[in-house]
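Below you'll find the structure, written out as C-alpha coordinates, and then a few comments.
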Amino acid sequence: KTRSGFISRFIIKTLNMKILITGSTGFVGKHLIKKLKDHEITEINSNNFTSMWSLEKNSFEVIIHLAVKTAAGGYCQEHPGEQWIVNSSINADMLAYWAQYQQRATMITFGSSCGYSNDVEKIEKNYLKGEVEKGYEVYGNIKRNLLVGLNALKKEFQMDSYYLIPSVFYGPEYDIKDKHFIFDLIRKIVTAKNGGEEVILWGDGTQERELIYIDDAVDLIIACINNTNAPKMFNLSSGNTYTLKEYAQTICDIVDYDYDLIKWDINAFVGSPSKQLFNTYLQDYKFTPLKKGLKNTIKYYEDSINSSK
45 KTRSGFISRF
55 IIKTLNMKIL
65 ITGSTGFVGK
75 HLIKKLKDHE
85 ITEINSNNFT
95 SMWSLEKNSF
105 EVIIHLAVKT
115 AAGGYCQEHP
125 GEQWIVNSSI
135 NADMLAYWAQ
145 YQQRATMITF
155 GSSCGYSNDV
165 EKIEKNYLKG
175 EVEKGYEVYG
185 NIKRNLLVGL
195 NALKKEFQMD
205 SYYLIPSVFY
215 GPEYDIKDKH
225 FIFDLIRKIV
235 TAKNGGEEVI
245 LWGDGTQERE
255 LIYIDDAVDL
265 IIACINNTNA
275 PKMFNLSSGN
285 TYTLKEYAQT
295 ICDIVDYDYD
305 LIKWDINAFV
315 GSPSKQLFNT
325 YLQDYKFTPL
335 KKGLKNTIKY
345 YEDSINSSK
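When we follow the numbering used here, the leftmost residue of the sequence shown carries the number 45, and every step to the right adds one.
In C-alpha coordinates, the structure reads:
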(Lines of atoms letter the chains of each structure in order from A and count residues from 1; the text may use other names and numbers.)
(Lines give C-alpha, C1' and ligand atoms only; values in the text may rest on other atoms or scores of the structure.)
Protein backbone atom coordinates (compact mmCIF):
# COMPACT_ATOMS: atom_id res chain seq x y z
CA LYS A 1 0.00 0.00 0.00
CA THR A 2 1.14 3.49 -0.75
CA ARG A 3 0.54 6.27 1.72
CA SER A 4 0.19 9.93 0.86
CA GLY A 5 -1.16 13.18 2.26
CA PHE A 6 -2.05 12.87 5.94
CA ILE A 7 -0.33 9.54 6.47
CA SER A 8 2.86 10.43 4.60
CA ARG A 9 3.90 12.69 7.47
CA PHE A 10 3.91 9.78 9.90
CA ILE A 11 6.79 7.36 10.21
CA ILE A 12 6.70 4.64 12.84
CA LYS A 13 9.57 5.28 15.23
CA THR A 14 12.28 2.67 15.38
CA LEU A 15 13.22 3.60 18.94
CA ASN A 16 11.70 1.46 21.64
CA MET A 17 8.78 3.21 23.31
CA LYS A 18 6.98 2.41 26.55
CA ILE A 19 3.27 2.17 25.82
CA LEU A 20 0.34 1.43 28.13
CA ILE A 21 -2.72 -0.08 26.44
CA THR A 22 -6.07 -0.49 28.22
CA GLY A 23 -8.64 -2.86 26.75
CA SER A 24 -5.72 -4.84 25.36
CA THR A 25 -7.68 -8.09 24.88
CA GLY A 26 -10.35 -6.48 22.71
CA PHE A 27 -10.52 -6.52 18.92
CA VAL A 28 -8.51 -3.33 18.36
CA GLY A 29 -6.14 -4.03 21.26
CA LYS A 30 -5.06 -7.42 19.92
CA HIS A 31 -4.21 -5.97 16.51
CA LEU A 32 -2.37 -2.98 17.99
CA ILE A 33 -0.19 -5.14 20.20
CA LYS A 34 0.88 -7.23 17.20
CA LYS A 35 1.81 -4.12 15.23
CA LEU A 36 3.67 -2.59 18.20
CA LYS A 37 5.56 -5.78 19.05
CA ASP A 38 8.93 -4.01 18.85
CA HIS A 39 7.95 -1.62 21.64
CA GLU A 40 7.65 -2.19 25.38
CA ILE A 41 3.94 -2.77 25.98
CA THR A 42 2.11 -2.90 29.30
CA GLU A 43 -1.39 -4.34 29.01
CA ILE A 44 -4.41 -3.47 31.13
CA ASN A 45 -7.62 -5.44 30.58
CA SER A 46 -11.00 -5.51 32.27
CA ASN A 47 -9.84 -8.10 34.80
CA ASN A 48 -6.97 -5.98 36.15
CA PHE A 49 -7.97 -2.42 35.26
CA THR A 50 -7.06 -0.85 38.60
CA SER A 51 -3.62 -2.49 38.53
CA MET A 52 -2.36 0.58 36.66
CA TRP A 53 -2.19 2.48 39.97
CA SER A 54 0.75 0.31 41.05
CA LEU A 55 2.83 1.07 37.92
CA GLU A 56 5.92 3.24 38.07
CA LYS A 57 5.27 6.99 37.91
CA ASN A 58 6.09 8.75 34.61
CA SER A 59 7.01 5.42 33.04
CA PHE A 60 5.07 5.71 29.75
CA GLU A 61 5.44 7.81 26.65
CA VAL A 62 2.05 6.83 25.24
CA ILE A 63 -1.25 5.62 26.71
CA ILE A 64 -3.76 4.07 24.31
CA HIS A 65 -7.08 3.96 26.14
CA LEU A 66 -9.37 1.39 24.50
CA ALA A 67 -11.19 -0.04 27.52
CA VAL A 68 -14.96 0.30 27.21
CA LYS A 69 -18.13 -1.64 28.04
CA THR A 70 -20.54 -1.77 25.12
CA ALA A 71 -21.95 -4.15 22.53
CA ALA A 72 -24.05 -4.16 19.40
CA GLY A 73 -27.50 -5.70 19.13
CA GLY A 74 -29.50 -3.64 21.60
CA TYR A 75 -27.11 -3.49 24.57
CA CYS A 76 -27.15 0.31 24.66
CA GLN A 77 -30.94 0.35 24.82
CA GLU A 78 -31.36 -2.53 27.28
CA HIS A 79 -28.56 -1.75 29.76
CA PRO A 80 -28.18 2.04 29.97
CA GLY A 81 -27.59 2.02 33.73
CA GLU A 82 -24.91 -0.64 33.64
CA GLN A 83 -23.26 1.06 30.69
CA TRP A 84 -23.18 4.43 32.43
CA ILE A 85 -21.83 3.05 35.73
CA VAL A 86 -19.08 0.89 34.20
CA ASN A 87 -17.84 3.34 31.56
CA SER A 88 -18.01 6.42 33.77
CA SER A 89 -15.87 4.57 36.32
CA ILE A 90 -13.37 3.35 33.71
CA ASN A 91 -12.90 6.79 32.18
CA ALA A 92 -12.72 8.62 35.51
CA ASP A 93 -10.08 6.19 36.80
CA MET A 94 -8.10 6.42 33.57
CA LEU A 95 -7.99 10.22 33.47
CA ALA A 96 -7.26 10.48 37.20
CA TYR A 97 -4.37 8.01 36.89
CA TRP A 98 -3.04 9.83 33.83
CA ALA A 99 -3.17 13.23 35.56
CA GLN A 100 -1.64 11.97 38.81
CA TYR A 101 1.05 9.58 37.57
CA GLN A 102 1.64 9.87 33.83
CA GLN A 103 1.29 13.53 32.81
CA ARG A 104 4.19 13.25 30.38
CA ALA A 105 2.42 10.55 28.35
CA THR A 106 0.41 11.27 25.23
CA MET A 107 -3.12 9.85 25.47
CA ILE A 108 -4.81 8.30 22.42
CA THR A 109 -8.45 7.42 22.93
CA PHE A 110 -11.78 7.17 21.16
CA GLY A 111 -15.12 8.84 20.75
CA SER A 112 -18.13 7.39 18.97
CA SER A 113 -20.12 8.32 15.91
CA CYS A 114 -23.23 8.26 18.11
CA GLY A 115 -21.73 11.24 19.95
CA TYR A 116 -22.82 13.31 16.97
CA SER A 117 -26.32 14.77 16.87
CA ASN A 118 -28.68 13.45 14.22
CA ASP A 119 -29.15 17.06 13.13
CA VAL A 120 -25.57 18.09 12.24
CA GLU A 121 -23.03 17.29 9.57
CA LYS A 122 -20.73 14.64 11.01
CA ILE A 123 -17.67 16.87 10.93
CA GLU A 124 -15.34 17.30 13.90
CA LYS A 125 -16.25 20.89 14.77
CA ASN A 126 -19.87 19.77 15.24
CA TYR A 127 -19.13 16.90 17.63
CA LEU A 128 -20.36 18.64 20.78
CA LYS A 129 -23.25 20.47 19.11
CA GLY A 130 -26.86 19.48 19.81
CA GLU A 131 -28.06 16.30 21.49
CA VAL A 132 -26.33 12.98 20.87
CA GLU A 133 -27.85 10.41 18.54
CA LYS A 134 -31.33 9.30 19.59
CA GLY A 135 -31.39 5.81 21.08
CA TYR A 136 -27.74 6.06 22.16
CA GLU A 137 -28.01 8.89 24.68
CA VAL A 138 -26.00 7.20 27.43
CA TYR A 139 -23.12 5.94 25.33
CA GLY A 140 -22.94 9.09 23.23
CA ASN A 141 -22.74 11.30 26.31
CA ILE A 142 -20.16 9.05 27.98
CA LYS A 143 -17.92 9.51 24.95
CA ARG A 144 -18.54 13.26 24.85
CA ASN A 145 -17.67 13.51 28.55
CA LEU A 146 -14.39 11.73 27.86
CA LEU A 147 -13.51 14.50 25.39
CA VAL A 148 -14.52 17.14 27.93
CA GLY A 149 -12.14 15.50 30.40
CA LEU A 150 -9.27 15.46 27.91
CA ASN A 151 -9.80 19.14 27.17
CA ALA A 152 -9.95 19.99 30.88
CA LEU A 153 -6.64 18.25 31.58
CA LYS A 154 -5.02 19.93 28.61
CA LYS A 155 -6.19 23.34 29.84
CA GLU A 156 -5.01 22.93 33.42
CA PHE A 157 -2.00 20.63 33.09
CA GLN A 158 -1.03 20.99 29.39
CA MET A 159 -1.49 17.24 28.86
CA ASP A 160 -1.41 15.99 25.29
CA SER A 161 -4.06 13.76 23.70
CA TYR A 162 -5.67 12.55 20.50
CA TYR A 163 -9.38 11.78 20.23
CA LEU A 164 -10.40 9.58 17.31
CA ILE A 165 -14.05 9.15 16.28
CA PRO A 166 -14.34 5.82 14.45
CA SER A 167 -16.80 4.18 12.15
CA VAL A 168 -17.31 0.41 12.64
CA PHE A 169 -14.10 -1.63 12.68
CA TYR A 170 -14.05 -5.01 10.93
CA GLY A 171 -11.51 -7.64 9.94
CA PRO A 172 -10.06 -10.99 11.08
CA GLU A 173 -9.68 -12.07 14.70
CA TYR A 174 -12.94 -10.56 15.88
CA ASP A 175 -15.14 -12.30 18.45
CA ILE A 176 -17.38 -14.47 16.25
CA LYS A 177 -20.26 -13.76 18.64
CA ASP A 178 -19.97 -10.02 17.94
CA LYS A 179 -23.33 -8.60 16.81
CA HIS A 180 -22.12 -5.56 14.89
CA PHE A 181 -23.99 -5.45 11.61
CA ILE A 182 -21.21 -6.67 9.32
CA PHE A 183 -20.41 -9.70 11.48
CA ASP A 184 -24.13 -10.51 11.73
CA LEU A 185 -24.45 -10.38 7.94
CA ILE A 186 -21.45 -12.69 7.49
CA ARG A 187 -22.69 -15.13 10.13
CA LYS A 188 -26.20 -15.38 8.69
CA ILE A 189 -25.19 -15.67 5.04
CA VAL A 190 -22.41 -18.21 5.64
CA THR A 191 -24.75 -20.24 7.87
CA ALA A 192 -27.39 -20.32 5.13
CA LYS A 193 -24.76 -21.22 2.53
CA ASN A 194 -23.81 -24.20 4.70
CA GLY A 195 -27.39 -25.46 4.85
CA GLY A 196 -28.57 -23.55 7.91
CA GLU A 197 -31.64 -21.40 8.37
CA GLU A 198 -32.70 -18.83 5.82
CA VAL A 199 -31.30 -15.30 5.90
CA ILE A 200 -33.65 -12.71 7.38
CA LEU A 201 -32.13 -9.25 7.69
CA TRP A 202 -33.43 -6.16 9.44
CA GLY A 203 -35.11 -3.16 7.83
CA ASP A 204 -35.54 -2.72 4.10
CA GLY A 205 -31.82 -2.82 3.33
CA THR A 206 -31.52 0.78 2.18
CA GLN A 207 -29.98 2.06 5.43
CA GLU A 208 -26.33 2.97 4.92
CA ARG A 209 -23.35 2.01 7.03
CA GLU A 210 -19.61 2.68 6.98
CA LEU A 211 -16.73 0.36 7.81
CA ILE A 212 -13.00 0.75 8.39
CA TYR A 213 -10.72 -2.27 8.04
CA ILE A 214 -8.80 -3.05 11.20
CA ASP A 215 -5.33 -2.84 9.59
CA ASP A 216 -6.13 0.68 8.35
CA ALA A 217 -7.43 1.69 11.77
CA VAL A 218 -4.28 0.42 13.49
CA ASP A 219 -2.03 2.23 10.99
CA LEU A 220 -3.81 5.50 11.68
CA ILE A 221 -3.80 5.03 15.46
CA ILE A 222 -0.07 4.39 15.41
CA ALA A 223 0.41 7.44 13.20
CA CYS A 224 -0.80 9.62 16.06
CA ILE A 225 2.05 8.36 18.24
CA ASN A 226 4.69 9.77 15.96
CA ASN A 227 3.69 13.27 14.87
CA THR A 228 2.84 16.20 17.11
CA ASN A 229 1.31 18.05 14.15
CA ALA A 230 -1.42 15.47 13.64
CA PRO A 231 -4.98 16.74 14.21
CA LYS A 232 -5.87 16.30 17.88
CA MET A 233 -9.38 15.16 17.02
CA PHE A 234 -10.54 13.53 13.81
CA ASN A 235 -13.05 11.13 12.31
CA LEU A 236 -11.39 7.74 11.83
CA SER A 237 -13.39 7.24 8.68
CA SER A 238 -13.00 6.14 5.07
CA GLY A 239 -15.83 8.45 4.07
CA ASN A 240 -17.49 5.64 2.08
CA THR A 241 -20.91 4.27 2.94
CA TYR A 242 -22.82 1.34 1.45
CA THR A 243 -26.37 0.11 1.93
CA LEU A 244 -27.00 -3.11 3.80
CA LYS A 245 -28.19 -4.54 0.49
CA GLU A 246 -24.80 -3.75 -1.05
CA TYR A 247 -22.93 -5.35 1.86
CA ALA A 248 -25.15 -8.43 1.67
CA GLN A 249 -24.69 -8.70 -2.11
CA THR A 250 -20.89 -8.49 -1.78
CA ILE A 251 -20.83 -11.19 0.90
CA CYS A 252 -23.11 -13.39 -1.22
CA ASP A 253 -20.77 -12.97 -4.19
CA ILE A 254 -17.76 -13.95 -2.09
CA VAL A 255 -19.32 -17.10 -0.59
CA ASP A 256 -21.40 -17.99 -3.68
CA TYR A 257 -24.83 -17.68 -2.08
CA ASP A 258 -27.96 -16.61 -3.97
CA TYR A 259 -28.69 -13.03 -2.88
CA ASP A 260 -32.31 -13.33 -4.03
CA LEU A 261 -32.98 -15.82 -1.21
CA ILE A 262 -32.47 -13.10 1.42
CA LYS A 263 -35.60 -11.77 3.14
CA TRP A 264 -35.94 -8.34 4.75
CA ASP A 265 -37.91 -7.73 7.94
CA ILE A 266 -39.11 -4.12 7.73
CA ASN A 267 -40.50 -4.28 11.27
CA ALA A 268 -37.21 -5.27 12.91
CA PHE A 269 -35.03 -2.94 14.98
CA VAL A 270 -32.55 -1.28 12.61
CA GLY A 271 -30.26 0.50 15.07
CA SER A 272 -28.68 3.76 13.99
CA PRO A 273 -30.12 5.63 11.04
CA SER A 274 -28.03 5.98 7.91
CA LYS A 275 -25.05 8.19 8.66
CA GLN A 276 -21.67 9.12 7.27
CA LEU A 277 -18.68 10.61 9.02
CA PHE A 278 -16.89 13.27 7.02
CA ASN A 279 -13.41 12.18 5.97
CA THR A 280 -11.80 15.50 6.84
CA TYR A 281 -8.13 14.59 7.20
CA LEU A 282 -7.78 11.16 5.59
CA GLN A 283 -8.80 11.83 2.00
CA ASP A 284 -5.39 10.83 0.64
CA TYR A 285 -5.10 7.64 2.66
CA LYS A 286 -5.47 4.48 0.57
CA PHE A 287 -7.98 2.40 2.50
CA THR A 288 -8.29 -1.36 2.05
CA PRO A 289 -10.92 -2.07 -0.65
CA LEU A 290 -14.20 -3.36 0.78
CA LYS A 291 -14.20 -6.66 -1.10
CA LYS A 292 -10.65 -7.50 -0.02
CA GLY A 293 -11.43 -6.68 3.62
CA LEU A 294 -14.61 -8.75 3.55
CA LYS A 295 -12.81 -11.72 1.96
CA ASN A 296 -10.26 -11.72 4.79
CA THR A 297 -12.98 -11.36 7.43
CA ILE A 298 -15.14 -14.12 5.94
CA LYS A 299 -12.16 -16.47 5.70
CA TYR A 300 -11.42 -15.89 9.37
CA TYR A 301 -15.06 -16.64 10.29
CA GLU A 302 -15.18 -19.81 8.15
CA ASP A 303 -11.87 -21.03 9.55
CA SER A 304 -13.10 -20.37 13.09
CA ILE A 305 -16.34 -22.31 12.73
CA ASN A 306 -14.60 -25.17 10.91
CA SER A 307 -11.95 -25.49 13.62
CA SER A 308 -14.65 -25.68 16.32
CA LYS A 309 -16.40 -28.65 14.71
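For glycine and all other residues, C-beta sits at the position ideal for the given N, C-alpha and C.
Predicted model only: the values in this text are computed from it and were never measured.
_Bridge partners - residue 210, DSSP secondary structure assignment_ = 280
*Could you give the residue range of the alpha helix (DSSP H) that holds residue 299?*
288-299
*Would you kindly report the start and end of the unbroken beta strand (DSSP E) that includes residue 309?*
307-309
*On the DSSP bridge assignment, give the partners of residue 355 in chain order.*
A query on residue 355 cannot be resolved here, the shown segment of the chain reaching from 45 to 353 and no further.
*Between the Cα of residue 319 and the Cα atoms of 330, 160, 243, 304, which residue gives the shortest distance?*
160
*Hey, residue 143 and residue 223: beta-carbon distance below 9 angstroms or not?*
no
_Output needed for residue 186: all residues of its chain with C-beta closer than 6 angstroms, excluding positions within five of it in sequence on either side, in chain order._
131
*Hey, residue 307 and residue 233: beta-carbon distance below 9 angstroms or not?*
no
*Residue burial classification, residue 82 (beta-carbon count within 10 angstroms, cutoff 16)*: exposed
*residue 133 (DSSP reduced to helix, strand or coil)*: helix
*Inter-residue spacing [alpha-carbon to alpha-carbon] between residue 176 and residue 279*: 16 angstroms
*Just how far apart, CA to CA, sit residue 173 and residue 154?*
18 angstroms
*Beta-carbon spacing of residue 68, residue 89 below 9 angstroms*: yes
*residue 296 to residue 106, Cα distance in whole Å?*
42 angstroms
*In chain order, what residues of the same chain lie with their CB nearer than 8 angstroms to the CB of residue 236, ignoring the 5 residues before and after it?*
242, 243, 301, 305
*asked:* Using the three-state DSSP reduction, which class does residue 84 fall into: helix, strand or coil?
replied: strand
*Would you say residue 255 and residue 211 are within 9 angstroms of each other, going by their C-beta atoms?*
yes
*Put residue 94 into one of helix, strand or coil per three-state DSSP.*
helix
*With a Cβ-Cβ cutoff of 9 angstroms, do residue 3 and residue 209 count as a contact?*
With the chain covering 45 to 353 only, the question about residue 3 has no answer from this structure.
_Tell me the rounded alpha-carbon separation between residue 348 and residue 95._
33 angstroms
*From this set, 229, 134, 291, 182, which residue's C-alpha is nearest residue 335's C-alpha?*
291
*Report the option in 126, 125, 137 whose CA atom is closest to the CA atom of residue 92.*
137
*Keeping to the same chain, check which residues put their C-beta closer than 8 angstroms to that of residue 2; ignore five residues upstream and five downstream.*
Because residue 2 is not part of the residues shown, which for the chain are 45 to 353, the question remains open.
_Can you find the residues in the same chain that come closer than 6 angstroms, C-beta to C-beta, to residue 303, ignoring five residues on each side of it along the sequence?_
293, 296
*Quickly, what does DSSP pair residue 244 with across the bridge? List them, please.*
307
*What separation, rounded to the nearest whole angstrom, lies between the Cα atoms of residue 238 and residue 75?*
29 angstroms
*Segment limits, alpha helix (DSSP H) that includes residue 172*: No alpha helix (DSSP H) holds residue 172; DSSP gives it neither H nor E.
_Which same chain residues end up closer than 7 angstroms to residue 201 when comparing Cβ atoms and leaving out the 5 residues on each side of it in sequence?_
143, 147
*Going by beta carbon distance, what residues of the same chain come within less than 7 angstroms of residue 70, once the five residues before and after it are set aside?*
110
*Assign residue 338 to one of two classes, buried (16 or more other C-beta atoms within 10 Å of its C-beta) or exposed (fewer than that).*
buried
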